[in-house]
Amino acid sequence: MKMLVLGNLGYVGPSVVRELAQRHPQAQIDGYDNAYFAHCLTGAISAPERYLSQQFFGDVRSIAADMLQGYDAVVQLAAVSNDPMGNRFAAVTREINQDATLAIARACAAAGVGNFVFASSCSVYGVADGAPRRETDPVAPMTAYAKSKIGSEQALAEIESDMVITCLRFATACGMSDRLRLDLVLNDFVACALSEGRITVLSDGSPWRPLIDVADMARAIDWAVQRKADTGGRFLTVNTGSDSRNHQVRDLAAAVADAVPGTTVSINTDAPVDSRSYKVDFSLFARLAPDHQPLMSLSDSIERLVEGLTRMKFNDADFRSSPLMRLHVLQSHIAQQRLSEDLVWLKQ
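Remember, my numbering sits 227 above the position in the sequence shown when you count from 1.
Written out as structure tokens, the structure is:
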């Protein structure tokens with residue numbers, strides 16, 4: 228088996244590459260990335276790319292079609308990956324997250340790639356009161372990031388080929404990584420607890436948010452690269468996570484405080500309604516992928532984050548201005564004239 232992981236030098240990629248290499252020791256696994264965050268290693272004892280056969284560097288917006296020849300599976304992780312970055316780089320978010328994804332998928336289909344896996348997001352549900360959202364329920368994307376994800380899903384559904392396409396509509400990512408991000412709700416709370424002994428919840432704590440650990444995201448991707456059309460159809464969009472990990476934000480803060488003794492929690496009870504609050508139904512994923520279900524509990528994710536940040540000797544109360552925040556990394560590249568405003572590397 229020959230696999231290509233696009234966007235492997237980010238937060239999720241190290242776990243995906245490791246999982247695929249361990250599950251398929253005889254496979255050729257290649258990476259392709261623009262290296263915005265390649266230097267953002269966090270406590271890794273060795274480079275996660277050691278699991279790869281080859282690492283290629285380039286922009287997914289201009290990847291050559293012949294680059295995709297010969298692969299059995301292509302995983303598309305490359306993205307402007309959260310709401311703050313999406314708001315700052317709205318046009319680029321559309322170009323990278325949606326337009327490039329569609330162009331690559333079409334090229335993969337023409338090249339005879341068997342499986343195409345797209346990392347989508349449950350954020351497409353926006354504000355969703357009532358019952359947990361199923362894949363057939365209406366979506367209400369509130370941000371450039373969420374709009375790019377649902378736009379990609381809709382465009383991918385129109386590709387006519389024999390290629391098996393899986394859109395993994397992931398819950399909110401969390402957990403320790405060799406390239407850790409702290410611009411994610413659970414990761415932020417753990418960082419606050421360790422650096423300040425205090426968690427400040429900016430909302431009233433009531434919003435619902437499903438979570439999935441990066442280790443379990445990797446397990447789901449391992450399923451998707453092997454999925455056959457008779458399991459869910461040639462084109463599939465599936466909520467990816469577990470029902471047990473639908474959490475209210477205040478409960479996440481409380482769980483972190485319990486794990487880090489001495490931590491206090493402050494909740495803004497007068498805050499306006501959060502633009503992202505949704506519970507998600509993951510029963511389809513449970514039915515289709517029984518051997519690749521999430522294994523990490525909330526306490527497991529918190530424990531690994533605490534261990535990882537402690538190993539890093541993390542104690543930065545000003546971490547929101549650090550390279551552990553992806554928007555800060557991009558802004559630093561631009562300020563130092565390494566990147567253009569449309570996130571293209573500048574020659575120096």
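The C-beta atom is built at its ideal place from N, Cα and C for all residues, glycine as well.
Near residue i, what residues of its chain come up, given a Cβ to Cβ distance below 8 Å and the 5 sequence neighbours on each side ignored?
i: S548; result: H555
i: S379; result: N324, Q325, T328, L329, F345, S347 and C394
i: I529; result: L413, V417, A482, V483 and A486
i: V239; result: L304, A346, A400, S404, V441, M444 and A445
Sorted by chain position, which residues of the same chain lie with C-beta nearer than 7 Å to residue i's C-beta, five sequence neighbours on each side aside?
i: V319; result: V307, D569 and L570
i: R277; result: none
i: R250; result: D449
i: A336; result: I386, S388 and M390
i: I561; result: E568
i: G297; result: K229
i: E274; result: Reading off the sequence, residue 274 comes out as Ala, not Glu. Closer than 7 Å at Cβ, skipping near neighbours: no residue.
i: L268; result: D405 and R406
Taking its Cβ as the centre, do 16 or more other Cβ atoms sit within 10 Å of residue i, making it buried, or is it exposed?
i: K455; result: exposed
i: D440; result: buried
i: G237; result: buried
i: I377; result: buried
i: K574; result: exposed
i: P488; result: exposed
i: Q303; result: buried
i: S526; result: exposed
i: S471; result: exposed
i: L522; result: exposed
i: N542; result: exposed
i: T464; result: buried
i: D257; result: buried
i: N495; result: exposed
i: V452; result: buried
i: A291; result: exposed
i: I272; result: exposed
i: T537; result: exposed
Tell me, please, which residues DSSP counts as bridged to residue i.
i: Y505; result: A355
i: N473; result: P437
i: F284; result: D260
i: K229; result: Q255
i: Q303; result: L233 and F345
i: L566; result: W572
i: F546; result: Paired residues: none, contrary to the question.
i: T269; result: Bridge partners of T269: none, in fact.
i: L360; result: Looking at the sequence provided, one finds Arg at residue 360 rather than Leu. V507, per the DSSP bridge assignment.
i: R396; result: S347 and N466
i: V391; result: N342
Give every residue of the same chain whose Cβ lies closer than 6 Å to the Cβ of residue i, excluding the five residues on either side of it in the sequence, and list them in chain order.
i: S375; result: T320, R321, N324 and Q325
i: A305; result: L233, G234 and V287
i: G424; result: G489 and T490
i: G468; result: A398, P437, I439 and F509
i: A577; result: The structure shown does not extend to residue 577, since the chain is modelled only from 228 through 575, so no value can be given for it.
Chain B beta carbons: is any one of them nearer than 9 Å to that of residue i?
i: E530; result: Protein chains in the displayed structure number just one, and chain B is not present.
> Taking the runs of the beta strand (DSSP E) that are 3 residues or longer, which of them lie wholly in the region 308–349?
Replying inline: 342–348
>> So within the region 405–466, which uninterrupted alpha helix (DSSP H) runs reach at least 4 residues, ignoring any that extend past its ends?
In response: 412–423 and 441–453
>> Whether or not the region 319–331 and the region 356–364 are in contact is what I'm after, with contact meaning three or more pairs of Cβ atoms, one per stretch, closer than 8 Å; do they touch?
In response: no
>> With three or more beta-carbon pairs closer than 8 Å as the criterion, would you say the region 432–448 touches the region 476–486?
In response: yes
>> My parser needs the beta strand (DSSP E) runs of 3 or more residues fully inside the region 481–542; what are they?
In response: 491–494 and 504–507
>> Would you call the region 251–262 in contact with the region 276–291, where contact means no fewer than 3 C-beta pairs closer than 8 Å?
In response: yes
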